[in-house]
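Each protein sequence line maps, in turn, to chains A and B. Residue numbers for the first sequence follow our numbering, so the first one is 1 and each next one is one higher. Residue numbers for the second sequence follow our numbering, so the first one is 248 and each next one is one higher. In what follows, a structure is listed as structure tokens, so that the remarks can point back to it.
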Amino acid sequence: MWSYLANPERFDRLARAVIPWTWGVAALLFAIGLPWALVISPPDYQQSETVRIMYVHVPAAWLAMAAYTGLAVSSFVYFIWSHNLADLAARALAPAGAVFAFLCLATGALWGRPMWGAWWVWDARLTSMLVLFLLYLGYMALRAAIEDEKLAARAGAILAMAGVLNLPIIKFSVDWWNTLHQPASVFRFDGPTIHPSALWPLSIMALAFTVLLTALVLTRMRAMILSRKADVLERRRERRLELEAGL
Amino acid sequence: MSAFFAMDGYAAFVWPSYALTLLGVGGLVLWTLQARRAAAARLARLQALETSALDTGALETGSSETTVTETGATEIDA
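Rendered as structure tokens:
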């Protein structure tokens, strides 16, 4: 599948067919998920209405981590096989992942204040999530700082692969250290411990975020392919003009 | 209805969470679509310049090698 998709023309054809669907499905899922999260789902017996923050906080956290997994995998593929599309995927994933990580931190603070009495605590879960956000920023800054495109891609890939160590720390931080943050309640060996009335809207919102990320990444990758083609034409035109001026 | 907006006294925490999410996600969407439009427009402009250069025969002064690459250019399509 990888070598099949590694052909930019083939990828382009497939992406063009898939992209409108991803936008449509994401919009549909949000249209179902949002009213379910805000109106239909019941308030929590302990947390009252603040539980509604979960429906944006948790998907943002999951997607920030999923986007990082994608960033690390594409970086690995680029690093080993030098597939340009893998590098484009990495570049497309980073800003989206950064936004999701930021949203996770911000909505977490807004949830922590009424429930814990603190906007922020320096415990392992919150700190490792902050590290994830900073990794995204560092990745984008590093790439922006290096002029040579190939070198920037390789340096970014190394940073992205090293940063993958942070993912298990985020996931297991709530088990390894004492924290105010609640432990995992959806992805558990013994099944989710959330009531279906909350698990359903949470799942739909998570799916909506996932499809939206797919739409964003594919659209961004296509935009980058188009500008790369434009760069080729631009260089060719400059050469031609130089040639004409010389004649 | 006002009970819905009051969020049992937690309106100051629930609504900003959704507002921030809308702002962040909406911003990403607009930024991405704008980048795609800008890239497509730039490519179309350069392709138009290329075609007009071909039409005026400006390229025929080049060597046969350039002609080969220029024919390749017509295959590049948005």
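C-beta: ideal position from N, C-alpha, C; glycine also.
Taking 8 Å as the limit between beta carbons, can you name the residues of its chain near A/Q47, skipping five residues before and five after?
Non-local beta-carbon contacts of A/Q47 in its own chain, meaning distances under 8 Å to residues more than five positions away in sequence, involve M115 in chain order.
Would you call B/S299 buried or exposed, if buried means 16 or more other Cβ atoms sit within 10 Å of its Cβ?
Exposed, by the Cβ-count rule.
In or out: B/F252 buried (at least 16 other Cβ within 10 Å) or exposed?
With fewer than 16 Cβ atoms within 10 Å of its Cβ, B/F252 is classed as exposed.
Where B/E322 and A/E147 are concerned, what is the direct C-alpha to C-alpha distance, given to the nearest angstrom?
Reliability fails at B/E322, whose pLDDT of 40 lies under 50, so the model's placement of it is uncertain and the value that follows must be treated cautiously. Distance between the alpha carbons of B/E322 and A/E147 is about 29 Å.
Since A/T111 is in the alpha helix (DSSP H), which residue starts that stretch and which ends it?
Before going on, a small fix: residue 111 of chain A reads as Trp here, not Thr. Run containing A/W111: 84-116, per the alpha helix (DSSP H) assignment.
For the alpha helix (DSSP H) containing A/V77, name the first residue and the last one.
Taken as a continuous stretch (DSSP letters only), the alpha helix (DSSP H) holding A/V77 covers 54-81.
What number of angstroms, rounded off, separates the C-alpha of A/P183 from the C-alpha of A/L28?
Looking at the backbone, the Cα of A/P183 and that of A/L28 are separated by about 31 Å.
Considering just the uninterrupted stretch of the alpha helix (DSSP H) at A/A124, what are its terminal residues?
Where A/A124 is concerned, the enclosing alpha helix (DSSP H) stretches over 124-145.
Of all Cβ atoms in chain A, is any one closer than 8 Å to the Cβ of B/M248?
At a cut-off of 8 Å, the C-beta of B/M248 has no neighbouring C-beta in chain A.
Assigned exposure category for B/S310 - 16 Cβ within 10 Å defines buried
With a pLDDT of only 42 at B/S310, under 50, the local geometry of the prediction cannot be trusted, and the value read off the model is given with reservation. It is exposed - the Cβ of B/S310 has fewer than 16 other Cβ atoms within 10 Å.
Closer than 8 Å at the beta carbon, the chain A residues around B/F260
By Cβ distance, chain A contributes T50, I53, L110, W111, R113, P114.
Could you tell me the alpha carbon to alpha carbon distance between A/Y68 and A/E242, rounded to whole angstroms?
Take the alpha-carbon of A/Y68 and the one of A/E242: they are about 44 Å apart.
For A/Y139, count the other beta carbons within 10 Å of its own beta carbon; 16 or more makes it buried, fewer makes it exposed. Which is it?
By the neighbour-count rule (16 or more Cβ atoms within 10 Å), A/Y139 is buried.
Among A/R154, A/I32, A/L134, A/A118, whose alpha-carbon lies nearest the alpha-carbon of A/A208?
If we check each option's Cα against that of A/A208, A/I32 comes out closest.
Note down, in chain order, each residue of its chain lying with its Cβ closer than 8 Å to the Cβ of A/G112, except the 5 sequence neighbours on either side.
Excluding residues within five positions, the ones whose Cβ falls inside 8 Å are A118, W119, W120, V121, L180.
So, under 8 Å CB-CB, A/A72 and A/M161 are touching, yes? Tell me the CB distance rounded to an integer number of Å.
Between A/M161 and A/A72 the Cβ distance is about 6 Å, and since that is below 8 Å, they are a contact.
Check the DSSP bridge columns for A/D44 and list the partner residues they point to.
In DSSP, A/D44 forms a bridge with A/S48.
What does the Cβ neighbour count give for A/D87, buried or exposed, with the cut at 16 atoms within 10 Å?
By the neighbour-count rule (16 or more Cβ atoms within 10 Å), A/D87 is buried.
Strictly under 8 Å for the Cβ-Cβ distance: is A/L207 near chain B by that measure?
Chain B contact via Cβ: absent.
Using the beta-carbon of each residue, which ones in chain A are nearer than 7 Å to B/G271?
Identification of chain A residues near B/G271 by a Cβ-Cβ cut-off of 7 Å yields V99, F102, L103, ordered along the chain.
Could you pull the start and end residues of the alpha helix (DSSP H) that A/L212 belongs to?
196-246 is the span of the alpha helix (DSSP H), which, as asked, contains A/L212.
Of all the CB atoms in chain B, is at least one closer than 8 Å to the CB of A/E147?
At a cut-off of 8 Å between beta-carbon atoms, A/E147 makes no contact with chain B.
Closest Cβ-Cβ distance between B/E297 and chain A: below 8 Å?
It does; some Cβ of chain A falls within 8 Å.
Straight-line Cα distance separating B/P263 from A/I225:
In a straight line, the C-alpha of A/I225 is about 37 Å away from that of B/P263.
Under 8 Å (Cβ pairs) to chain B, residues found in the segment 158-186 of chain A
Those would be none; no residue qualifies.
How far does the alpha helix (DSSP H) with B/Y265 in it extend, from its first residue to its last?
That run of the alpha helix (DSSP H) goes 258-302.
For B/T318 and A/L126, I'd like the C-alpha separation in whole angstroms.
The pLDDT assigned to B/T318 is 40, lower than 50, so where the model puts this residue is not dependable; a value taken from the coordinates is nonetheless given after this. Here the alpha carbon of B/T318 sits roughly 56 Å from the alpha carbon of A/L126.
Could you tell me if A/V211 is buried or exposed, where buried requires 16 or more neighbouring beta carbons within 10 angstroms of its beta carbon?
Result: buried.
Note down the Cα distance separating B/L267 from A/A64, rounded to an integer number of angstroms.
Put simply, the backbone Cα of B/L267 is about 15 Å away from that of A/A64.
So which residues on chain B does A/P43 lean against when the C-beta distance must stay under 7 Å?
Near A/P43 (Cβ distances below 7 Å), the residues of chain B are D255.
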